[in-house]
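Written out below as structure tokens is the structure these notes cover.
There are 2 protein chains.
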Amino acid sequence: MPIYNAPLKDMEFILNDVFQAEVFWGNNPNLNHIDMATANAILEEMAKFSKNVILDLNRAADEEGAHFKNGQVTTPKGFKEAFQQYAEGGWIGLGADEEWGGQNMPKMLTVLADEMIFATNPSFMLYPLLSVGAGMALSHCASQEQKETYLPKIYSGEWSGTMCLTEPHAGTDLGIIKTKAEPNPDGSYNITGTKIFITSGEHDLSQNIIHLVLAKTPNAPAGSRGISLFIVPKFMVNADGSLGQRNTLGAGSLEHKMGIKGSATCVMNFDAAKGFLVGQENHGLAAMFIMMNYERLSMGIQGIGASEFAYQNAAQYATDRLQGRSSTGTKSPDKPADSILVHGDVRRMLLNGRANNEASRAFAVYVGQQLDITKFSLDTEAVKKANDRVALLTPIAKAYLTDTAFNAVLDAQMCFGGHGYIREWGMEQCVRDLRIAQIYEGTNGVQAQDLIGRKVIKNNGVSIFEYIQEIRQFALSLNGTLKIKAATLHACDEVEQITHFILEQTKIHPDFANTVAVDYLHAVGLLSFSYMFARICQAAEQKTESFYQNKLLLADFFVAKNLPGLSSRLQQIKTGASVVMQFSADYFTTLA
Amino acid sequence: MPIYNAPLKDMEFILNDVFQAEVFWGNNPNLNHIDMATANAILEEMAKFSKNVILDLNRAADEEGAHFKNGQVTTPKGFKEAFQQYAEGGWIGLGADEEWGGQNMPKMLTVLADEMIFATNPSFMLYPLLSVGAGMALSHCASQEQKETYLPKIYSGEWSGTMCLTEPHAGTDLGIIKTKAEPNPDGSYNITGTKIFITSGEHDLSQNIIHLVLAKTPNAPAGSRGISLFIVPKFMVNADGSLGQRNTLGAGSLEHKMGIKGSATCVMNFDAAKGFLVGQENHGLAAMFIMMNYERLSMGIQGIGASEFAYQNAAQYATDRLQGRSSTGTKSPDKPADSILVHGDVRRMLLNGRANNEASRAFAVYVGQQLDITKFSLDTEAVKKANDRVALLTPIAKAYLTDTAFNAVLDAQMCFGGHGYIREWGMEQCVRDLRIAQIYEGTNGVQAQDLIGRKVIKNNGVSIFEYIQEIRQFALSLNGTLKIKAATLHACDEVEQITHFILEQTKIHPDFANTVAVDYLHAVGLLSFSYMFARICQAAEQKTESFYQNKLLLADFFVAKNLPGLSSRLQQIKTGASVVMQFSADYFTTLA
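So the protein sequences, as listed, match chains A and B.
Here our numbering is used: the first residue of the first sequence is 1, the next is one more, and so on.
Here our numbering is used: the first residue of the second sequence is 593, the next is one more, and so on.
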């Protein structure tokens, strides 16, 4: 039976020692309703809930899956009761505005709570996650009446939400969607089309499902500038808030997937379903991206959760499993063999995981803090800067955190040997469940294009250079005995230089950025982790307790065994585009 | 529906143009029964069989799995008929001695035939594979009577074979197995114990199953020097070769796995089952390693098959899928979007796969040729040298080829976007099915220990330095305009230097080798692929047909986008062991 214990001490350390949460909150009149005592109490509560309620449902939900019958979807055993508990605990609205029934908690904190549910049951987590994302999009773009109608019931869990973007022929390229929105005389629209890969498109956890649907009005401009966003409820909502008639939409089938089998991924058919425009016509994509950016950070948190879960189980297995003897002499002469923890390669795999967990978690809190500035700060200059930083780092949070987490989870599975391949142990499920995080909400390749294209080249590197400068300034402030200092400064120089190189090359070769985008994303990711370890070391170095001193050792491990990946990435970028682009299109499908 | 077409032209190119198979065969009296015409005919036959019979069963077998009921195992629909066809085609004995009904074909050729079955249905392939492995161990170590009794029926497919090593508490560390072998007065033994993870331990494809079981006799020395190998048939064999009574052994259950679900992985219980010693008492591990080495190369071939299969499907999908527009301007103005092949990042992923396929395939044929020298050559010096080379390269063939293939398969899955996560498309199955190849037959971490410990440090680097010298000599003979020349020579120097460094450090830090083993394996793997591309380029450069010229471009891609990984590996090795070993054992399971 897989284990999980929320890493509460590390969470508190990152929140308060690394990012001075209490000072940050106390200094902001919009955030001084929260202090560390409250934050810790919330995290402790979630730690209990995730361990005692959610974890137990995870393995069985994978075996059982979600069920589809005559358009009805039933979630796996226990999900309904757990969702009710989750909703009653106020968790859906943890970060939502008080006006709509939320608890108004900062993102710095909610990322940590979310991590625990992603760690223990990612399929379950996707149900509330989509509600929160839909709520966020509505909070930003919907009319006051729409907000009043939908938001309180979404945050209470009575209703839930979805995002309906993808169509069979249109995923990354939403400009070519075909779903139509025909205006009715009463101001509503009739929505007709088929959407696929719709998470929580149909299920039995809530009384109503509020679909946010991208569609095109009759005379909309071609491409992505002609997309509008609509609220399309499963049940119509009467003026008094009660549920009216069933809308003409429904799930056509469930997708059969590699993992997250407890999550109902639906094909949704809209057949002149009644919908209501959100915001302005043809501005749907911008509204949807509010939701998408939120989801993208969440996917990174899915990675952290999986990596932490896998690490804890692998570390326990490695401690218990006896095979072979240490190269430096027998460690457990009273036992038939030593624990496999004596083997350097097993330690290497575990430390990859642990370094990933701690750097990723710090990075999520860092991005969370930037999001909190955008939402709560009164300083418009700070808000602008934080918005810019969030835009820059969202693709890193989504793609880099899920790429490194996937590798960490594979390492953890490998620590189990053959048992890692057996379903009962739960490690192979963790691999399957996490794999989707690299794919959905824009594949990690698409994230890399977003980073290099929209976030770096488009503003001639201004945002990334500011970020590098922040990192450099911080690193310069560190004690010179810390290995992370020189390593981070070196990484700053390297990433800065390669960014200049990319800006130059892009002017000459329009294809260049696309071919090197993933290498660049990983280079910026490695620099970001180096920054996080720099901040961790600064917070830890004055403290003698082994908890803190081990963080310095973990940073040394990162510098020695992970950060060298940077040099390969940079070399690969320097080799340019033609070596990729010079093949004819028919080469790829021609074997002879 | 996934597609597959055997890459026959590349196979012929590698066999004959790169490794001069026809000359090699013609010059050896033990091999001149084969020429390229025969080889091509065999590969064409297997190409048809794999495409028309085996591929069709793959998806359904994943959904259906193998069935267990009252100790009986039923294989998925169609496996029985396909196995019969496979056996009747003489495929089980393709590489086996004529004396036992085999076709005596060289390993250079059989690796290519095996690749096709691994590509189209890895679960199916494991049934005959274990038979062939068992046959090989018996050919080397069994008595003449045992060979006569078992080998012809194994190669005809009437019977099949297994290898029973792992026990619940003993996998990598076979020295601590508990299965007992009690001698009987008639010279047989009673075998008692439980074995797990037994591929094809029970099934309905053959009339009898010949288990090769590792066990300890009553007064055997402790550890791996006290292990003996036994033939333990499911049904006893009468003097006339007919089947007698059922032996007291059986499958206790089937393992539920991440993939290869059509393969019956059994828990096997031996309850005083009658067994017959193979070779000498206490020499069982050596006998089993003959089989293991064969299986280990086969796992590499499983990687090649999966990588080729995934590549072909991803290339086709990428060609057909229309999303977005090329950065250099619209390529298909008549269509709503361009093929995603216009995007450099999609090409990068596909080229990773293609470079992996072609280098891996060449490497498998290279190792196959070395194995053929060990088996067929009359020159004892050449045999000795080839044996040494095979020993050195077996862990590379197993671990490096499966590590790179797994990454290639992940890239191929990513080309499908969300569809890659959906079962119907077959890509996620390919990922799940291949994952086991990194784990079984000794995890890839254990392979890395084997390489650095037994194959490099133990003989003070003699074998690896000879291999590097062969590569260097070959690279020096290349035309200087080929980028692969300088790249390979540089890689030779780098790997040579780091080997010296490892030999030095190991004397000082006994833990060092273990901590850097995986990085070292990947460094040697990258050098090996560079060598293979060097040989491919030499064979291709004089020919103007695009088939050959594209191989030069693919080598350039490898040099630019894959080989730079070497520098990170070397840097990581140079950082030493203490950064990994300095954590206390309880650190790993302590979160606070």
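Where a beta carbon is used, it is the ideal one built from N, C-alpha and C, also for glycine.
Check                                                                                                                                                                               : Outcome
8 Å is my cut-off, CB to CB: does K507/A come that close to chain B?                                                                                                                : no
Okay, do the segment 134-148 of chain A and the segment 296-304 of chain A touch, 3+ Cβ pairs below 8 Å being the bar?                                                              : no
Beta carbons nearer than 7 Å to chain B: which residues of the segment 550-576 of chain A have them?                                                                                : N550, L553, D556, F557, A560, K561, P564, G565, S567, S568, Q571, Q572 and T575
For G681/B, which option in F641/B, V703/B, D964/B and S834/B has the closest C-alpha, if you only look at C-alpha atoms?                                                           : F641/B
Taking the beta carbon of G836/B as the centre, do at least 16 other beta carbons fall within 10 Å, making it buried, or is it exposed?                                             : exposed
What does the Cβ neighbour count give for D832/B, buried or exposed, with the cut at 16 atoms within 10 Å?                                                                          : exposed
Going by Cα to Cα distance, which pick from F1066/B, S1160/B and W683/B is closest to A705/B?                                                                                       : W683/B
By DSSP, does K826/B sit in helix, in strand, or in coil?                                                                                                                           : coil
Taking C-beta to C-beta, are M941/B and D1003/B nearer than 8 Å?                                                                                                                    : yes
Going by alpha carbons, who is nearest to E887/B out of A991/B, I1090/B, H1114/B and A1105/B?                                                                                       : A991/B
Give me the Cα-Cα distance between V390/A and G275/A, rounded to the nearest whole angstrom.                                                                                        : 32 Å
When the distance is taken between beta carbons, is C537/A closer than 8 Å to L552/A?                                                                                               : yes
Under the three-state reduction of DSSP, which class applies to N190/A: helix, strand or coil?                                                                                      : strand
Is there contact between the segment 335-347 of chain A and the segment 1104-1112 of chain B, where contact requires at least three CB pairs shorter than 8 Å?                      : yes
Could you name the residues of the same chain whose beta carbon sits closer than 8 Å to that of E35/A, not counting the 5 residues immediately before and after it, in chain order? : According to the sequence as given, residue 35/A is Asp; it is not Glu. Within the same chain, D35/A has close Cβ partners E22, W25 and G26.
What did DSSP end up calling Q438/A once you bin it into helix, strand or coil?                                                                                                     : helix
By the 9 Å beta-carbon criterion, what residues does the segment 1078-1094 of chain B contribute toward chain A?                                                                    : none
Excluding the 5 residues preceding and the 5 following M828/B in the sequence, name in chain order all residues of the same chain whose CB lies nearer than 7 Å to its CB.          : G836, Q837, N839 and K866
Taking the straight line between their C-alpha atoms, what separation do you get for N662/B and K257/A?                                                                             : 31 Å
Could you check the C-alpha separation between K770/B and H1114/B for me, to the nearest Å?                                                                                         : 35 Å
I need the straight-line Cα distance from G779/B to E656/B, nearest angstrom please.                                                                                                : 43 Å
For chain B, check one thing: does any of its Cβ atoms lie closer than 8 Å to the Cβ of F583/A?                                                                                     : yes
For T149/A, which residues from the same chain have a beta carbon less than 8 Å from its beta carbon, with the 5 sequence-adjacent residues on both sides left out?                 : V237 and G241
Would you mind working out which of E541/A, L478/A, E428/A and F376/A sits nearest H33/A, comparing C-alpha positions?                                                              : F376/A
Just mark I1100/B as buried or exposed, buried being the case when its beta carbon has 16 or more other beta carbons within 10 Å.                                                   : exposed
Using a Cβ distance threshold of 8 Å, determine whether the segment 914-930 of chain B contacts the segment 165-183 of chain A, with at least three qualifying pairs required.      : yes
Using DSSP with H/G/I as helix, E/B as strand and the rest coil, what is E81/A?                                                                                                     : helix
In the DSSP assignment, find the unbroken beta strand (DSSP E) run with N800/B in it and report its ends.                                                                           : N800 to A807
In angstroms, rounded to a whole number, what distance separates the CA positions of I593/A and G305/A?                                                                             : Chain A is shown from 1 up to 592; residue 593/A falls before or after that span and cannot be answered.
Mind pulling the alpha helix (DSSP H) runs of 4 or more residues that sit fully within the segment 1046-1099 of chain B?                                                            : 1054-1068
Quick one: which residues of the segment 434-462 of chain A get their C-beta closer than 8 Å to a C-beta of chain B? List them in chain order.                                      : R435, I436, Q438, I439, Y440, T443, N444, G445, A448 and Q449
For the segment 43-119 of chain A, list the beta strand (DSSP E) runs that are entirely contained and at least 3 residues long, ordered along the chain.                            : 67-69 and 72-74
Sorted by chain position, which residues of the same chain lie with C-beta nearer than 8 Å to Q85/A's C-beta, five sequence neighbours on each side aside?                          : F49 and V53
Determine, for V213/A, whether the minimum Cβ-Cβ distance to residues of chain B falls below 8 Å.                                                                                   : no
Could you check which residue in A82/A, T328/A and L205/A has the C-alpha nearest to that of V74/A?                                                                                 : First, the amino acid is wrong: residue 74/A is Thr here, not Val. T74/A has its Cα closest to that of L205/A, out of A82/A, T328/A and L205/A.
Going along chain B in order, which residues have a C-beta closer than 7 Å to the C-beta of A337/A?                                                                                 : D765 and I768
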